[in-house]
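Structure, as structure tokens:
Chains as they are written, first to last, in the working numbering: chain D, 1 to 47; chain E, 48 to 508.
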């Protein structure tokens, strides 16, 4: 257990490119925003 | 020896005594203490001994050394200061694939909201209703343009789409019939102001699995200052019963109640609370996009107030969560463990190549906010994409091609922001709208703080 630093979560974004990008998830503007693009709150279709 | 650059690979911030560290390129989130926070201010630029000497009057040398060792250990493990997987370049592969349409079934509206970007539904054109022939051609176009994609999205939009309900229904039937023949599936959403959300319409939307975005700004006086009928009277009393009945019918799932805040309600967290107290669980309240000259516009001097308001909203969000009565705020929905993949984050909203808007006459634009601006007309549902070079311009308008985004810590969260805002305020797709960026960054920090607190609460149980 680290004393000064605690790992909260890791998604390994930098490894998250091979065989990904299926494009089946929702277009971000279709969900609720229509005026402010936020992509990181979208849900992956494969999860 | 000084090694510049490590500080550009992380972002850290503190709120309510919680210090949060983000490893930008991996998306890894850490909670750190004040000692580690202080060490990180100099790590990589000064030696361990120099850092200990620098802080000798504030922290014990042993604590500083321990924090330094932990950081170095994480770096050795490849968990901190992660390099950019794509080294700052990205060229989307393959041909553009259009898989989402914003179908403007009515360029007309029964409200005259004072901040409407769509010019009271007319989009700088004339009042117009989409004929079924255009809607069917749009369905045929997206089926053909979606290539291997299985899921296709259509959002019925306007103006007010319920002014053309017959075409909405016929389009849903047509699309589902056509999709069955080619192994695809349509997902529908409908964005409405709620005025015509009658019992029959509510039942139709539920029975057909259509997700709804319901416009309501919050407290009665806030809503009625901006969302008014043509005669000027407020809409709250008319729309609230309809919207509540819709949400009740949907068993509180499959919808968003969406509000807009302006400079008249910089205390917009109170509007979110109002919506929550009305029983709504899925809420999005967003900043108005308006020219600085508009009386209700958000302007840079308001940023400190707005930032504080997002913090207040984060506190309220957590209070309700911890009390067992949670609600969902669209911009706080960041899951630091399972967000979208890197290609999605690089694609962004997809406007102009993955997502297009269709006017009542069948013209195609990069998104609903470009409609009516002739220089952005990209094609037609009858002839397809006529300007593939414009689609490429949008496809290339990603974070690595935007100077301000390239080194911004938030780039994998907002994906470069809204193209329409960039074009309107920065004069270029590659120049993000700074006010929106500042708000976006604050929202992301609040969302990460919430995520850290929720995970800590789950770990305690």
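Yeah, the Cβ is synthetic: ideal placement off N, Cα and C, and Gly gets one too.
Just so you know, these numbers come straight off a predicted model, no measurement behind them.
Q. In the stretch 323-341 of chain E, which residues sit with their C-beta less than 7 Å from some C-beta in chain D, listed in chain order?
A. 331, 333, 334 and 336
Q. Do you know how far the Cα of residue 323 of chain E is from the Cα of residue 281 of chain E?
A. 21 Å
(Q) Which residue marks the beginning of the beta strand (DSSP E) containing residue 306 of chain E, and which one marks its end? (A) 302-308
Q: Between the Cα of residue 386 of chain E and those of E/460, E/377 and E/479, spot the shortest distance and give me the residue it belongs to.
A: E/460
Q: At 7 Å on the CB atoms, spell out the chain D contacts of residue 200 of chain E, in chain order.
A: 26, 27 and 30
Q: Please determine, among E/473, E/439 and E/146, the residue with the shortest C-alpha to C-alpha distance to residue 191 of chain E.
A: E/146
(Q) Can you tell me whether residue 180 of chain E is buried or exposed? The criterion is at least 16 other CB atoms within 10 Å of its CB, across all chains shown. (A) exposed
Q. Do you know offhand how far residue 222 of chain E's Cα is from residue 251 of chain E's?
A. 16 Å
Q) How should residue 238 of chain E be labelled, buried or exposed, when 16 other C-beta atoms within 10 angstroms of its C-beta is the threshold for buried? A) buried
Q. For the stretch 400-423 of chain E, which residues have a beta carbon sitting closer than 9 Å to at least one beta carbon of chain D?
A. 401, 402, 414, 415 and 416
Q. Using a C-beta to C-beta distance shorter than 8 Å, which residues of chain D count as neighbours of residue 384 of chain E?
A. 9, 10 and 11
Q) Comparing the C-beta of residue 365 of chain E with each C-beta of chain D, is any distance below 8 Å? A) no
(Q) Can you find the residues in the same chain that come closer than 7 Å, C-beta to C-beta, to residue 383 of chain E, ignoring five residues on each side of it along the sequence? (A) 74, 76, 495 and 498
Q | Of the residues E/115, E/200, E/420 and E/153, the one placed nearest residue 144 of chain E, counting alpha carbons only | A | E/200
Q.
For residue 1 of chain D, would you say it is in contact with chain E, using Cβ-to-Cβ distances shorter than 8 Å as the test?
A. Model confidence at residue 1 of chain D stands at a pLDDT of 45, short of 50, so the residue's coordinates are unreliable and nothing is read from them.
Q: Would you verify that the beta carbon of residue 380 of chain E is, or is not, closer than 8 Å to some beta carbon of chain D?
A: yes
Q) DSSP on residue 403 of chain E, reduced to helix/strand/coil? A) strand
Q. What is the rounded straight-line gap between the Cα of residue 492 of chain E and the Cα of residue 351 of chain E?
A. 14 Å
Q) residue 79 of chain E versus chain D: which residues are under 8 Å apart at the beta carbon? A) 4, 5 and 6
Q: Check each candidate in E/377, E/291, E/297 and E/316 and name the one with the smallest Cα separation from residue 254 of chain E.
A: E/297
Q. Does the Cβ of residue 64 of chain E have 16 or more other Cβ atoms within 10 Å, making it buried, or fewer, making it exposed?
A. exposed
Q.
For residue 106 of chain E and residue 82 of chain E, what's the separation of their Cα atoms in angstroms?
A. 7 Å
Q. Are residue 93 of chain E and residue 101 of chain E close, meaning C-beta to C-beta below 8 Å?
A. yes
Q.
Within 10 Å of its beta-carbon, does residue 449 of chain E have 16 or more other beta-carbons around it, so buried, or fewer, so exposed?
A. buried
Q: Answer with buried or exposed for residue 245 of chain E, where buried requires no fewer than 16 other C-beta atoms within 10 angstroms of its C-beta.
A: exposed
Q: Can you give me the start and stop residues for the alpha helix (DSSP H) that residue 364 of chain E sits inside?
A: 350-369
Q) Does DSSP classify residue 495 of chain E as helix, strand or coil? A) helix
Q) Starting from residue 61 of chain E and walking both ways along the beta strand (DSSP E), at which residues does that stretch end? A) 57-62
Q: Could you have a look at residue 38 of chain D and say whether DSSP puts it in helix, strand or coil?
A: coil
Q) Among E/379, E/209 and E/401, which one has its Cα closest to the Cα of residue 441 of chain E? A) E/401
Q) Taking just the CA atoms, how far does residue 174 of chain E sit from residue 163 of chain E? A) 15 Å
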